[in-house]
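Taking it in order: structure first as structure tokens, then the write-up.
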Amino acid sequence: FVHDGNVCRKIVRTAGLTASDIALEIGPGLGSLTLAMLEEAQAVIAVEIDSRLATQLPTTAAKHSDRADILTVINQDALTLKELPLQPSVLIANLPYNVSVPVFLHLLEILPSLRSGVVMVQAEVADRLAAKPNTKEYGIPSVKAAWWADVCGAGSVSRNIFWPQPNVDSKLVGFTRRATPGDEELRKRVFAIIDLAFAQRRKMLRSALSSMYGGSGAAEAVLQAAGIDPTLRGEALDISAFCAIAKQG
894 FVHDGNVCRK
904 IVRTAGLTAS
914 DIALEIGPGL
924 GSLTLAMLEE
934 AQAVIAVEID
944 SRLATQLPTT
954 AAKHSDRADI
964 LTVINQDALT
974 LKELPLQPSV
984 LIANLPYNVS
994 VPVFLHLLEI
1004 LPSLRSGVVM
1014 VQAEVADRLA
1024 AKPNTKEYGI
1034 PSVKAAWWAD
1044 VCGAGSVSRN
1054 IFWPQPNVDS
1064 KLVGFTRRAT
1074 PGDEELRKRV
1084 FAIIDLAFAQ
1094 RRKMLRSALS
1104 SMYGGSGAAE
1114 AVLQAAGIDP
1124 TLRGEALDIS
1134 AFCAIAKQG
């Protein structure tokens, strides 16, 4: 749990939260970050999987904030969310480290109202989410997140702000939503190609995608039609290049 109020307020400032924003928090825990969000937002939605913590959070908010009435607590697993009572515009969260990437991608997918935000994740995960092509960190999380948003590193945080203190380092990741490059049908095809391209990341694309197109020769023809060098590896392509491949059918 994050327990340093000053750091929480800094995270909220980094996210650019304003009085017109509806803020979404995932995994509020003891509520330190929630309290900082209550100071700035029009409304706050906190999604907490632990029923005891979810029950306690409104009490904590009422005790430490005069704006507890703008807080909505939902006791649910974030991965099962389909809709929310309000449309959040900003995501600010210390994401559960074991499911941070699936939760982040799920929220971007189901909540088009989210325009920006800052999430705290394990340092290695942050590096992967914000990675650019042709780097060792670049992979499936990097490309899939780029379908919905521009993602960048937003700073590091000390282990000292957590209780109990973790044995891993943490970083902040910022994102700004942008128009998606296609519809849901194209997204599913693009994501399937991304999964294959990185399944064995040392493979050239013509080999990595051979199972999808019925052989490396057919895959090479598709890649050439898309304007992609068949001898490249998945780590060389950005989201627009993967879209170009998918649009070839």
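Going left to right, the sequence shown walks through residues 894 to 1142 as this note's numbering numbers them. Cβ atoms here follow ideal geometry from the backbone N, Cα and C, with glycine treated the same way. What you are looking at is a predicted structure, and each value in this text was computed from that prediction instead of being measured.
The DSSP assignment places 1016 to 1022 and 1033 to 1041 as complete runs of the alpha helix (DSSP H) inside the segment 1002 to 1077, in order along the chain (cut-off: 4 residues). Assignment of L917 by DSSP, reduced to helix, strand and coil, places it in the strand class. Annotation for S982: D914, I915, S1006, L1007 and R1008 place their beta carbon closer than 7 Å to its own, counting only its chain and skipping 5 residues before and after.
The three-state secondary structure of T907, taken from DSSP, is helix. Here the segment 996 to 1005 makes contact with the segment 961 to 979; the two share three or more CB pairs at distances below 8 Å. Residue environment for D1020: buried (at least 16 other C-beta atoms within 10 angstroms of its C-beta). For W1040, the closest of A1024, V1061 and L998 by C-alpha to C-alpha distance is L998. About 18 Å separates the CB atoms of L1098 and L1079; that is not less than 8 Å, and the two are not in contact. Its chain contains F894 as the residues whose beta carbon lies nearer than 6 Å to that of L923, once the 5 sequence neighbours on both sides are disregarded; these appear in chain order. The segment 1011 to 1019 makes contact with the segment 985 to 997; the number of CB pairs closer than 8 Å reaches 3 or more.
With fewer than 16 other beta carbons inside 10 angstroms of its own, K1081 counts as exposed. Counting only residues of its own chain and dropping the five nearest sequence neighbours on each side, A954 has a CB closer than 6 Å to the CB of A961 and L964.
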